[in-house]
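Each residue of the sequence shown is one higher than the last, beginning at 17 in the numbering used here. Yeah, the Cβ is synthetic: ideal placement off N, Cα and C, and Gly gets one too.
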Amino acid sequence: MKVIQQDTPVAYAYPGHLLGKEEVRVHARVSGSILEKYFDGGDYVYAGQPLYKLDSRQYETAIISAQAELSKAESNLRNAQEELGRYETLWKDRAVSEQTLTNKRADVEGYMATVAAERAAVRKAQENLDDTIVYAPMSGRVSVDDVAVGTYATAGSTNLVTIGTMDPINIQFSVSETEYLNLLAEAMETGADIDRDNTPLPKVKITLSNGREYPFEGTIIAADRALSTNTGSLTIEATIANPQGILLPGMFVQVHMVGVKTDNAILVPQRAVQQLLDEAFVLVVGENGKSISKNVKVGEKVGSYYIIEKGLSPTDVVIVEGLTTLRAGQDIDVTMVTPEEMGFSTTESTEITDKS
């Protein structure tokens with residue numbers, strides 16, 4: 017069979033892991049013991065849904081105290097205003113000095129400031145009381161490591177529960193510098209304007225740890241700003257639909273980048289490639305009708321083929337039958353076959369088994 021040379025889509029594979037698209041750690045805004053919990057670990061909650069109730073007694077007392085201080089300040093202000101009115105009448109009759117009147121006006125302004133401060137204290141006390149109910153800041157699924165009733169929660173530090181969204185879910189993986197440059201080169205060949213950040217990026221598919229391919233395609237959404245100095249790789253982030261919640265944050269997956277092609281790739285059937293220790297070779301038909309062994313560098317799998325990166329020319333005829341008994345240098349009777357006859361495909365393989 018003659019080798020195939022054509023532009024060939026390839027699916028590069030990378031190890032990756034799943035991340036929640038959005039994750040929020042919920043903290044209380046005030047401190048207190050947890051009296052009630054309104055959900056179970058693993059539940060789906062909605063934004064604004066109550067999650068916890070904290071002990072509110074000290075905050076109820078605080079608001080009563082603040083309201084009392086406000087009433088006292090308002091009473092003092094009324095008295096000062098009435099006294100100022102009397103002193104203004106006396107000043108018109110020249111019965112008091114202008115300095116005395118100025119002092120009374122200053123007293124009124126001071127009491128007005130006190131009233132404003134006490135009103136702010138009442139608002140703050142009411143906010144603290146309201147914050148004894150902890151609400152979900154977003155919709156999502158809650159973690160199972162939530163704190164229990166009776167736990168003392170410290171404002172801003174105790175992690176009560178984590179809420180995360182899982183549809184869609186994010187995938188994080190890394191590509192080499194060479195692969196990154198190849199992707200950019202292919203994008204520019206399509207006419208994309210790299211400077212305008214509208215480069216068409218390949219889609220991704222994932223294989224789960226049990227070997228099953230996930231049915232949805234993902235989309236690349238972000239790339240790190242620089243290569244890792246330790247590994248020389250670039251971190252990529254993609255997003256993929258997860259309507260049934262099968263995918264969970266922390267899962268490890270195999271990421272396949274699709275829509276990438278190798279120009280003028282030389283393809284040979286996988287069955288034609290043989291291994292000897294750490295070397296790969298292919299038997300081809302020589303000009304004298306004898307079999308010749310050629311060492312090759314094998315690239316990606318494409319359906320029932322390998323991409324051969326080095327070692328073969330487009331005019332070579334590879335041997336695909338009788339390989340179990342054939343050796344280099346033997347005379348051979350050549351019968352040309354087509355990929356269709358053998359069941360070879362660049363997608364799914366339906367090849368005929370070699371029964372030699």
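Quiz item: DSSP three-state call for Ala78: helix, strand or coil?
Solution: helix
Practice problem: Determine contact between the segment 226 to 245 and the segment 309 to 317, defined as no fewer than three beta-carbon pairs at a distance below 8 Å. | Solution: no
Quiz item: What three-state label does DSSP hand Val138 in the structure shown?
Solution: helix
Exercise. At 3 residues or longer, and completely inside the segment 304 to 363: list those beta strand (DSSP E) runs for me, N to C.
Key: 307 to 318 and 321 to 326
Quiz item: Among Thr354, Gly359, Asn304 and Lys326, which has the Cα closest to the Cα of Ala344?
Solution: Asn304
Quiz item: Is DSSP giving Gln97 helix, strand or coil here?
Solution: helix
Practice problem: Pull up the distance between the alpha-carbon of Asn246 and that of Val191, whole angstroms please. | Solution: 13 Å
Exercise. Would you mind working out which of Gln286, Gly266 and Thr354 sits nearest Ala33, comparing C-alpha positions?
Key: With the sequence shown as reference, residue 33 is identified as His, and Ala is not the correct amino acid for it. If we check each option's Cα against that of His33, Gly266 comes out closest.
Practice problem: Assuming Ile149 and Lys53 form a contact by the criterion Cβ under 8 Å, report the distance between their Cβ atoms to the nearest whole angstrom. | Solution: Ile149 to Lys53, Cβ: 12 Å. No contact.
Exercise. Starting from the C-beta of Lys277, find all residues in its chain whose C-beta is less than 8 Å away, skip the five residues before and the five after it, and write them out in chain order.
Key: Asp23, Thr24, Pro25, Val26 and Glu202
Exercise. Pick out whichever of Glu39, Asn280, Val131 and Ile187 has its Cα sitting closest to the Cα of Val271.
Key: Ile187
Exercise. Could you check how far apart the C-beta atoms of Val40 and Ile179 are, in whole angstroms? I think they sit under 8 Å.
Key: 5 Å
Quiz item: Apart from the five residues on each side of it in sequence, which residues of its chain come closer than 7 Å, Cβ to Cβ, to Ala288?
Solution: Val298, Val334, Ile335 and Val336
Quiz item: Sorted by chain position, which residues of the same chain lie with C-beta nearer than 6 Å to Leu35's C-beta, five sequence neighbours on each side aside?
Solution: Asn186, Gln188 and Pro265
Self-check item: Euclidean distance between Cα positions of Gly207 and Lys317
Solution: Confidence at Gly207 is low in this model, with a pLDDT of 49, below 50, so its placement is unreliable and no value can be given for it.
Exercise. Express the C-alpha separation of Arg241 and Ala82 in angstroms, rounding to a whole number.
Key: 52 Å
Quiz item: How far does the beta strand (DSSP E) with Tyr54 in it reach, from first residue to last?
Solution: Tyr54 -> no beta strand (DSSP E), and no H or E assigned at all.
Quiz prompt | Three-state class that DSSP yields for Gln65 in the structure shown | solution = coil
Quiz prompt | Burial state of Asn258, where buried means 16 or more other Cβ atoms lie within 10 Å | solution = buried
Exercise. Pick helix, strand or coil for Ser87, following the three-state DSSP scheme.
Key: helix
Quiz item: Could you give the distance in angstroms between the alpha-carbon of Ile236 and the alpha-carbon of Tyr196?
Solution: 13 Å
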